[in-house]
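K.L.:
Residue numbers (the UniProt record's numbering): 1 to 173.
Pasting a structure here, questions to come.
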Amino acid sequence: MTRWEVSLQGAFCNNSAENSKYLLAYVLIHNVYMEVKPIDKRASGQAFEVILKPLSPVSEVSPGLPSPPKRDISLEDIEKKLEAAEERRKSQEAHVLRVLAEKREHERDVLLKAMEENSNFSRMAEEKLMMKMDQIRENREAHLAAMMERLQEKERHAAEVRRNKEIREELTA
Numbered sequence: 001m002t003r004w005e006v007s008l009q010g011a012f013c014n015n016s017a018e019n020s021k022y023l024l025a026y027v028l029i030h031n032v033y034m035e036v037k038p039i040d041k042r043a044s045g046q047a048f049e050v051i052l053k054p055l056s057p058v059s060e061v062s063p064g065l066p067s068p069p070k071r072d073i074s075l076e077d078i079e080k081k082l083e084a085a086e087e088r089r090k091s092q093e094a095h096v097l098r099v100l101a102e103k104r105e106h107e108r109d110v111l112l113k114a115m116e117e118n119s120n121f122s123r124m125a126e127e128k129l130m131m132k133m134d135q136i137r138e139n140r141e142a143h144l145a146a147m148m149e150r151l152q153e154k155e156r157h158a159a160e161v162r163r164n165k166e167i168r169e170e171l172t173a
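What follows is the structure in structure tokens.
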């Protein structure tokens with residue numbers, strides 16, 4: 001049951017059955033007038049006809065609550081409102097500037113962090129390259145030392161073979 005049905009039901013319950021057939025009610029709900037007319041009595045109870053009417057310029061019922069009387073606005077009130085508006089504008093401007101400054105600070109921090117990470121990466125890459133070059137140099141030196149050792153071993157062996165050959169030649173001679 002909607003709101004207007006409840007209010008109409010309350011209005012009709014207050015009236016006796018014989019008075020309700022003469023009852024003609026006008027109700028304003030959301031700027032629409034309703035005309036309520038009783039219909040002949042039914043076996044099951046009372047019946048009413050509800051007619052919705054748009055708000056007309058010449059209305060029998062006043063169109064709702066009257067607006068509050070307008071008070072005179074003084075020069076002081078106007079100045080106070082202008083000052084308040086100026087304060088709001090300044091506050092908004094300060095807020096925008098503060099947000100922009102925070103954004104610039106964040107961008108600067110991000111840029112510094114990126115530069116630092118780039119520097120760290122370059123330093124680590126250089127250290128890794130130096131370690132690799134040192135390892136290559138050490139491996140080369142070890143390889144050369146091993147080759148020199150084999151060469152010296154071959155020379156010693158060749159010298160021993162020559163000496164043994166000379167000893168055999170002396171013995172056979």
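Glycine included, every Cβ here is placed at the ideal spot set by N, Cα and C.
Assign Pro-69 to buried or exposed, taking buried as 16 or more other Cβ atoms, counted over all protein chains shown, within 10 Å of its Cβ.
P.N.:
So Pro-69 ends up on the exposed side.
K.L.:
According to DSSP, what are the bridge partners of Val-96?
P.N.:
Answer is none; Val-96 lacks a bridge partner.
K.L.:
From the DSSP output, in three-state form, read off Ala-159 for me.
P.N.:
Residue state, collapsed to three classes: helix.
K.L.:
Rounded to a whole number of angstroms, what is the C-alpha to C-alpha distance between Glu-155 and Glu-141?
P.N.:
Approximately 21 Å, taken between the alpha carbons.
K.L.:
In whole angstroms, what is the alpha-carbon distance linking Ile-167 and Val-161?
P.N.:
C-alpha separation (whole angstroms): 10 Å.
K.L.:
Identify whether Ile-39 lies in helix, strand or coil by the three-state DSSP scheme.
P.N.:
It is a strand residue.
K.L.:
Using the DSSP secondary-structure output, state which residues sit across from Glu-49 in a beta bridge.
P.N.:
According to DSSP, which records beta bridges pairwise, Glu-49 is partnered with Lys-37.
K.L.:
Ordered along the chain, which non-local residues of its own chain (more than five positions away) have a Cβ less than 8 Å from that of Asn-120?
P.N.:
Closer than 8 Å at Cβ, skipping near neighbours: no residue.
K.L.:
Classify Ser-119 as helix, strand or coil using the three-state DSSP reduction.
P.N.:
Of the three classes helix, strand and coil, the one that applies to Ser-119 here is helix, per DSSP.
K.L.:
What number of angstroms, rounded off, separates the C-alpha of Ala-25 from the C-alpha of Pro-66?
P.N.:
With a pLDDT of 47 at Ala-25, under the threshold of 50, the modelled position of this residue cannot be trusted, and the question is left open.
K.L.:
Going straight from the alpha carbon of His-157 to that of Asn-164, what length do you get?
P.N.:
Going from the Cα of His-157 to the Cα of Asn-164 covers about 10 Å.
K.L.:
Per DSSP, what kind of secondary structure is Lys-70 in: helix, strand or coil?
P.N.:
Of the three classes helix, strand and coil, the one that applies to Lys-70 here is coil, per DSSP.
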